[in-house]
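Engineer: Structure provided below as structure tokens; questions to follow.
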Amino acid sequence: YRQALYSLFNSDDLIYITNNIKLRELHWTELWRLLLEPYNSFEFLPLRDFSYWLDISLFGLSPSTFRMDSIVLYIGCCLLVYGATQSYWRYFRQADAASAPWAAAAVTVIFALHPAHVEAVVWISSRKDVLSGLFSMLALWLAVCARQESGISPRYALATMGALLAAMFSKGTMVVVAPIIALLWII
16 YRQALYSLFN SDDLIYITNN IKLRELHWTE LWRLLLEPYN SFEFLPLRDF SYWLDISLFG
76 LSPSTFRMDS IVLYIGCCLL VYGATQSYWR YFRQADAASA PWAAAAVTVI FALHPAHVEA
136 VVWISSRKDV LSGLFSMLAL WLAVCARQES GISPRYALAT MGALLAAMFS KGTMVVVAPI
196 IALLWII
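Each number in this note's numbering corresponds to the 1-based position in the sequence shown with 15 added.
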């Protein structure tokens, strides 16, 4: 990951960021437009495009800051993997709740070091994967927090739906998280 900080923009990065004049010239008062129209010719992912806009606005066109932001998002994702795994372990294995931190740590280490995530973190154009992972894990963690003995907490349920919506605005295929949450709430 450290080596990637010194790399230049790659092929898709040019399309999504450096040559994307529409996104680069977007004024903060017009950010609502990200929810209505695609900002590149390939896909409509408003949250990913917002994160690009934020990087451009704050740091300019420096590829290292784009990659650093992806690494920070990935660290956040790893923390949420730990929290969600620990919560699910305690929820489904109440008799073995004391081992939840160890199980969550093992799952988090496997997740964090898995080579499949390198592309998502290092390629700026793959930020949609990191963002969708972050918000999906947040939705799953909030979903188990929403489950209470007396039913489902409306506050946590609303937060879960917001995180799920953010995941889908980052990458459309994250709609698959919705049935998992529904099953958790039904079981």
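Beta carbons are placed, not taken as given, at the ideal position from N, Cα and C, and that holds for glycine. Computed from a predicted structure; not experimentally measured.
(1) Please classify Arg-108 as buried or exposed, where buried requires at least 16 neighbouring CB atoms within 10 angstroms.
(2) Since Met-189 and Ser-147 are thought to touch, with beta carbons under 8 Å apart, how far apart are those beta carbons, to the nearest angstrom?
(3) Do Ala-135 and Cys-93 count as a contact pair if the criterion is CB distance below 7 Å?
(4) Check each candidate in Asn-25, Ser-168 and Phe-57 and name the one with the smallest Cα separation from Ser-77.
(5) Using beta-carbon positions only, say whether Arg-63 and Ser-185 come within less than 7 Å of one another.
(6) Nearest to Ala-99 by CA position, among Phe-65, Ala-131 and Cys-160, is which residue?
(7) Would you call Ala-154 buried or exposed, if buried means 16 or more other Cβ atoms sit within 10 Å of its Cβ?
(8) Do you know offhand how far Arg-105's Cα is from Leu-23's?
(9) So, using beta-carbon positions, are Gln-101 and Ala-119 closer together than 7 Å?
(10) So, for Tyr-171: in the same chain, excluding its five sequence neighbours on each side, which residues have a beta-carbon less than 6 Å away from its beta-carbon?
(11) Are the beta-carbon atoms belonging to Trp-68 and Leu-41 less than 7 Å from one another?
(12) Start and end of the alpha helix (DSSP H) containing Met-189?
(13) One question on the structure: do Ala-182 and Ser-151 come within less than 7 Å of each other, judged by their Cβ atoms?
(14) Under DSSP, the alpha helix (DSSP H) around Thr-44 begins and ends at which residues?
(15) Straight-line CA distance for Met-176 to Gly-166?
Structural biologist: Let's see:
(1) exposed
(2) 5 Å
(3) no
(4) Asn-25
(5) yes
(6) Cys-160
(7) buried
(8) 44 Å
(9) yes
(10) Leu-157, Cys-160 and Ala-161
(11) yes
(12) Where Met-189 is concerned, there is no enclosing alpha helix (DSSP H), given that its DSSP letter is neither H nor E.
(13) yes
(14) Premise fails: Thr-44 is in no alpha helix (DSSP H) and is neither H nor E.
(15) 16 Å
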